[in-house]
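One structure is given here, and the rest of the page talks about it.
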Amino acid sequence: MSRVFLLSPANLGGRRAAQALSPRATFALAAALRSPDGAPLGDLFTFVSGLYFRGKLAYARRFAQPPDPGNPIVGDGVHVITPNAGLRSPDTLVTHAAVRAFARGDIDVDNRRYRRPLEASARTLLAEIGSDCDVVLLGSVASPKYVCCCATRAPAKSSATRRSSARRCTAHGRRNFRRSEGTQQPRAST
3 MSRVFLLSPA NLGGRRAAQA LSPRATFALA AALRSPDGAP LGDLFTFVSG LYFRGKLAYA
63 RRFAQPPDPG NPIVGDGVHV ITPNAGLRSP DTLVTHAAVR AFARGDIDVD NRRYRRPLEA
123 SARTLLAEIG SDCDVVLLGS VASPKYVCCC ATRAPAKSSA TRRSSARRCT AHGRRNFRRS
183 EGTQQPRAST
């Protein structure tokens, strides 16, 4: 069975994020963030949240079984939810400016700047992986901020699972899932 993972993002409002963004920081990740190329998103989130994100990323990389690893949208089957850019590969390079924009992003299903890119990315991913692929969310599963944007956009293991996700969203006052009018394709995995 094919399987892809969606990882909830790290909090970029804390002390470790401030360290990584400090112009005085000399460690490799901070220097890479200030460079024109940037640093891998997965490395940044691992540094910021430590063992929590590192564990999710290691688990996802170990157990992902993408249906077509050569597909640039599906990539290695591991996708990180971002505050304002939808789903991205953990290998996506991010710069200091991108991280500051992430830190300003409000991860809330009612925030269109968060929800629309995530919904568009989820639809694009769904079109590429098909209905026989499991989609596993690693993160705050009980939180509607991830489930509501992805539950009706990605295939669940069964219709009962989809209904359960929809009920959780409805219980949190999210009855209508609005679709984004535009499409935003995730950048190819690198």
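Quick note on the numbering used here: the sequence shown kicks off at 3 and runs consecutively.
Just so it is clear, CB atoms sit at the ideal spot from N, CA and C, and this is done for glycine as well.
In this text, all values refer to a predicted model and were calculated from it rather than measured experimentally.
query: Going by C-alpha distance, which of D39, P11, A30 is nearest L120?
result: Per the Cα distances, P11.
- prompt: Which class does L89 belong to by DSSP, given the choice of helix, strand or coil?
  reply: Strand.
- prompt: What separation, rounded to the nearest whole angstrom, lies between the Cα atoms of L139 and S37?
  reply: Rounded to the nearest whole angstrom, the CA to CA distance from L139 to S37 is 31 angstroms.
For F65 and S4, the rounded distance between their alpha carbons: Computed Cα separation, rounded: 10 angstroms.
field: the stretch 104–115 in contact with the stretch 76–93 per 3-pair CB rule at 8 angstroms
entry: With the cut-off at 8 angstroms, the stretch 104–115 and the stretch 76–93 touch.
- request: Could you tell me if R26 is buried or exposed, where buried requires 16 or more neighbouring beta carbons within 10 angstroms of its beta carbon?
  value: Exposed: under 16 other Cβ atoms inside 10 Å.
message: If you reduce the DSSP assignment to three classes, tell me which class I109 lands in.
response: Three-state result, I109: coil.
message: Considering only the alpha carbon of each residue, which of L23, P71, I131 lies closest to G40?
response: Measuring from the Cα of G40, the nearest candidate turns out to be L23.
message: Using C-beta distances below 6 angstroms, list every residue in its chain close to H81, excluding the 5 sequence neighbours before and after it, in chain order.
response: If we look at H81 and ignore the five residues flanking it on each side, its Cβ neighbours are L8, L89.
query: Who does P136 pair with in a DSSP beta bridge?
result: For clarity, residue 136 is Asp in the given sequence; the question names Pro instead. In the DSSP output, where bridge partners are listed per residue, D136 has R5.
Same chain, Cβ closer than 8 angstroms to Q21, neighbours up to 5 away in sequence not counted: So the qualifying residues of the chain are A27, A32.
query: Which value, in whole angstroms, describes the spacing of the CA atoms of R46 and S133?
result: With the sequence shown as reference, residue 46 is identified as Leu, and Arg is not the correct amino acid for it. Whole-angstrom Cα-Cα distance: 32 angstroms.
- prompt: Can you give the Cα-Cα distance for A99 and D93, rounded to whole angstroms?
  reply: Going from the Cα of A99 to the Cα of D93 covers about 17 angstroms.
- prompt: Are R2 and D108 closer than 9 angstroms when you measure CB to CB?
  reply: Coverage of the chain is limited to positions 3 through 192, which leaves residue 2 absent and any answer about it impossible.
message: My assumption, with CB atoms under 8 angstroms, is that L35 sits in contact with T48. Please give the rounded CB distance.
response: The C-beta distance from L35 to T48 rounds to 13 angstroms, too long to fall under 8 angstroms, and the pair is not in contact.
query: Three-state secondary structure (DSSP) at V101?
result: Three-state result, V101: helix.
query: Using a Cβ-Cβ cut-off of 8 angstroms (strictly less than) and excluding sequence neighbours within five positions of P42, which residues of its own chain qualify?
result: Cβ within range, chain order: P92, D93, T94, L95, V96.
message: Once the 5 residues before and after R18 are set aside, which same chain residues still bring their CB inside 7 angstroms of it?
response: Once the five neighbours on either side are set aside, the close Cβ partners of R18 are F49, V50.
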